[in-house]
DNA sequence: GCGACAG
DNA sequence: ATCTTGTCGC
């Protein structure tokens with residue numbers, strides 16, 4: 001795929017103030033409403049934990065063998081080789097099958113700075129996505145989208161760069177306030193809205209994402225799983241973001257596209 | 001000044 | 001993110 005907003009490339013040589021200004025521009029360009037051409041219900045479940053038949057098969061529905069109509073979901077994740085460079089892996093999935101994998105790499109020029117993650121990892125991600133030949137219907141990135149001080153987290157930055165629908169999936173909350181406390185274990189499937197607080201650029205109370213309990217143990221009192229923190233990147237609403245993530249979480253905490261990109265990135269290290 | 005902060 | 005084995009509980 002191709003960068004369509006090169007003026008938004010995450011140049012790590014900019015000053016911190018320039019980076020933040022760029023993020024405000026990106027947020028102003030981003031759309032946090034549904035604007036894509038596929039049906040979330042057509043996102044086929046990824047590979048199952050076992051050799052069990054897919055959900056559709058076990059219900060006895062006829063599996064459509066025609067390729068090309070099911071949405072292409074692309075998971076993106078990074079791994080690091082010391083402090084020198086990062087590798088980015090993009091794994092494209094359609095109908096629960098891997099249809100393409102792409103790799104990218106870039107020198108690390110910045111330390112990790114909360115709020116500026118895209119300037120540390122962006123180059124490698126762009127490198128990987130530029131070498132991807134299929135056109136993704138939606139990207140699943142590791143990190144925040146709209147849950148960000150200036151509404152321009154990694155998922156928003158990358159989504160706007162390529163003008164492609166994108167969602168962010170994080171394991172921890174960067175900012176914002178959950179409508180309900182997340183301390184106690186949530187039941188599987190639970191969704192808790194994340195509202196903007198005064199550390200953010202948006203009016204207080206704006207729903208900028210959700211905590212989503214993709215998986216939970218039968219007895220959460222003794223051992224429980226933390227919820228995912230999901231937020232829209234670009235061209236997807238907060239609610240639809242959860243729908244997309246839910247459709248790709250197949251028996252594990254993390255979405256299948258993310259897990260596959262994660263393991264591919266690890267392989268790229270050696 | 002202190003705390004809080006995706007990966 | 002990364003350095004790393006076993007271990008507890010489903």
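Residue numbers (UniProt numbering): 1 to 270. Idealized CB from N, CA, C, for every residue including glycine.
Using a 10 angstroms sphere on the CB of residue 122, the tally of other CB atoms reaches 16 or more, which defines it as buried. Scanning the region 154–223 from its first residue to its last, the whole alpha helix (DSSP H) runs of 4-plus residues come out as 154–162.
Pairing residue 137 with residue 204, the inter-Cα distance amounts to about 31 Å. In the three-state reduction of the DSSP assignment, residue 149 falls in the coil class, being assigned neither a helical nor a strand state. Boundaries of the alpha helix (DSSP H) around residue 257: 256–268. Taking a contact as a CB-CB distance under 8 Å, the pair residue 224 and residue 185 counts as one, their CB atoms being some 4 Å apart.
The continuous beta strand (DSSP E) containing residue 107 extends over residues 97–107. Cβ neighbours of residue 201 within its own chain (closer than 6 Å, five residues either side excluded): 150 and 151. Contact between residue 270 and residue 79 is absent: CB atoms are separated by about 10 Å, not below the 8 Å threshold.
For residue 122, the enclosing alpha helix (DSSP H) covers residues 117–130. When only Cα atoms are considered, residue 126 and residue 190 end up about 33 Å apart.
With a 10 Å radius around the Cβ and a threshold of 16 neighbouring Cβ atoms, residue 213 comes out buried. Annotation for residue 161: 3, 5 and 8 place their beta carbon closer than 6 Å to its own, counting only its chain and skipping 5 residues before and after. A residue is called buried when at least 16 other Cβ atoms come within 10 angstroms of its Cβ; residue 35 does not meet this threshold and is exposed.
If you look at residue 14, you'll find it isn't in any alpha helix (DSSP H); DSSP assigns it neither H nor E. For the pair of segments examined, the region 11–28 was found not to touch the region 214–222: the number of CB pairs separated by less than 8 Å stays below three.
Nearest to residue 41 by C-alpha distance, out of 182, 31, 210 and 73, is 73.
A check of alpha carbon separations from residue 13 across 102, 119, 105 and 28 identifies 119 as the nearest.
If the five residues before and after residue 193 are omitted, its C-beta is found closer than 7 Å to the C-beta atoms of 179, 207 and 210, all from its own chain and listed in chain order. In the three-state reduction of the DSSP assignment, residue 79 falls in the strand class. DSSP places residue 94 in the strand class (E or B) of the three-state scheme. Shown here, residue 134 sits in coil according to DSSP, grouped into three states, outside any helix or strand. By the CB criterion at 7 Å, residue 70 and residue 95 fall inside the cutoff. Of all C-beta pairs linking the region 94–112 to the region 156–172, fewer than three are shorter than 8 Å, placing the two stretches out of contact. Of all alpha-carbon atoms in 1, 132 and 32, the one lying nearest the alpha-carbon of residue 240 is that of 32.
A straight line joining the alpha-carbon of residue 226 with that of residue 182 spans about 8 Å. Shown here, residue 113 sits in coil according to DSSP, grouped into three states, outside any helix or strand.
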